[in-house]
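*Asks:* The structure under discussion is supplied below as structure tokens; questions concerning it will follow.
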């Protein structure tokens, strides 16, 4: 087995609700909702707070759960809707998506 | 006739337009500011914002009734994603069709020009101006914006 395959297999350990993960609802725009396990982290990886502060955070999700996250998709975390913003990083090669989300209802585009 | 009816009428007309079927209904929204979009919005998107209302007294009728020339302005704002090359402006035909901001402006004009939106009292409806395209947005989400302003004329007796 390759290291890459090993790492993908090991993700199951981390993405476990008894360990680091939390069950949330993911809804791709135009699709039906589904429950997946994700890891909630801070927007700034240098901050190791256990509770994501502010209006933004980064959600780590397995590639096997979400093939192509994009703007317009939502996560429901503790009954609160978080919207995908920006371009998700990571993906197939890494096995994990790093998805920036916001709970603000609107986005300021300047001026 | 009031501004709320007008703004919602424009939104309904754009959502129902077959020529704008490539814009998701959820991405045709009424906005309080042309630089604010719903966080879940995808592109292309169309924002609708109320504009000024100009009232000119035209003539005095008998009694206390006056004839007025009232012109309601409404802004229709187009947002497209700032992709590479000329596509955000003029679109592309192949390999997949992508509408540029000028294509979308044309499609909106097709829907709204001389469209009285079934609102009682509207006598004229046309685009009175378009801004040039403008780059706005953030580093992770650059957007090209263009604003079309439509004027709706009514002649009420107040």
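Protein chains in written order, with our numbering: chain A, 1 to 111; chain B, 1 to 158. Where a beta carbon is used, it is the ideal one built from N, C-alpha and C, also for glycine.
If contact means a Cβ-Cβ distance below 9 angstroms, which residues of the stretch 15-46 of chain B contact chain A?
*Replies:* Correct list: 24, 26, 27, 31, 32, 33, 34, 35, 36, 37, 38, 39, 40, 41, 42 and 43.
*Asks:* I'd like to check one pair, residue 26/B with residue 157/B: are the Cβ atoms closer than 8 angstroms?
*Replies:* Result no, Cβ atoms of residue 157/B and residue 26/B do not sit closer than 8 angstroms.
*Asks:* Measure the alpha-carbon distance for residue 55/A versus residue 108/A and round it to whole angstroms.
*Replies:* So the alpha carbons of these two residues sit roughly 14 angstroms apart.
*Asks:* Indicate whether at least one CB of chain A lies closer than 8 angstroms to the CB of residue 137/B.
*Replies:* Yes, residue 137/B counts as interfacial toward chain A.
*Asks:* CA-CA distance, residue 67/A and residue 98/A?
*Replies:* Roughly 12 angstroms separates the two Cα atoms.
*Asks:* I want to verify the contact list: residues of chain A whose CB lies under 8 angstroms from the CB of residue 89/B, in sequence order.
*Replies:* The premise fails here: residue 89/B is roughly 18 angstroms from chain A at the closest Cβ pair, so nothing lies under 8 angstroms.
*Asks:* For residue 25/A, which residues does DSSP report across the bridge?
*Replies:* Note: residue 25/A sits in a beta bridge opposite 35/A and 76/A.
*Asks:* How would you label residue 103/B, buried or exposed, when you count the other beta carbons within 10 angstroms and need 16 or more for buried?
*Replies:* Flag for residue 103/B reads buried.
*Asks:* Just the C-alpha distance for residue 17/B and residue 28/B, rounded to the nearest angstrom, thanks.
*Replies:* Near 11 angstroms, if we compare the C-alpha coordinates of residue 28/B and residue 17/B.
*Asks:* Between the Cα of residue 5/B and those of 97/B, 41/B, 136/B and 121/B, spot the shortest distance and give me the residue it belongs to.
*Replies:* Nearest C-alpha to residue 5/B: 121/B.
*Asks:* Against chain A, with Cβ distances strictly below 8 angstroms, would residue 111/B count as a contact?
*Replies:* Closer than 8 angstroms: no.
*Asks:* Classify residue 45/B as buried or exposed, calling it buried when 16 or more other Cβ atoms lie within 10 Å of its own Cβ.
*Replies:* It counts as buried.
*Asks:* Listing by chain order, which chain B residues have their CB less than 8 angstroms from the CB of residue 83/A?
*Replies:* Result: 39 and 40.
*Asks:* Among the residues of its own chain, which have a CB less than 8 angstroms from the CB of residue 91/A, if the five just before and after it don't count?
*Replies:* Result list for residue 91/A: 63 and 97, in chain order.
*Asks:* Please list the partners that residue 56/A has in chain B, where partner means a Cβ-to-Cβ separation under 9 angstroms.
*Replies:* Going along chain B, no residue has its Cβ under 9 angstroms from residue 56/A, so there is no contact; the nearest lies around 11 angstroms.
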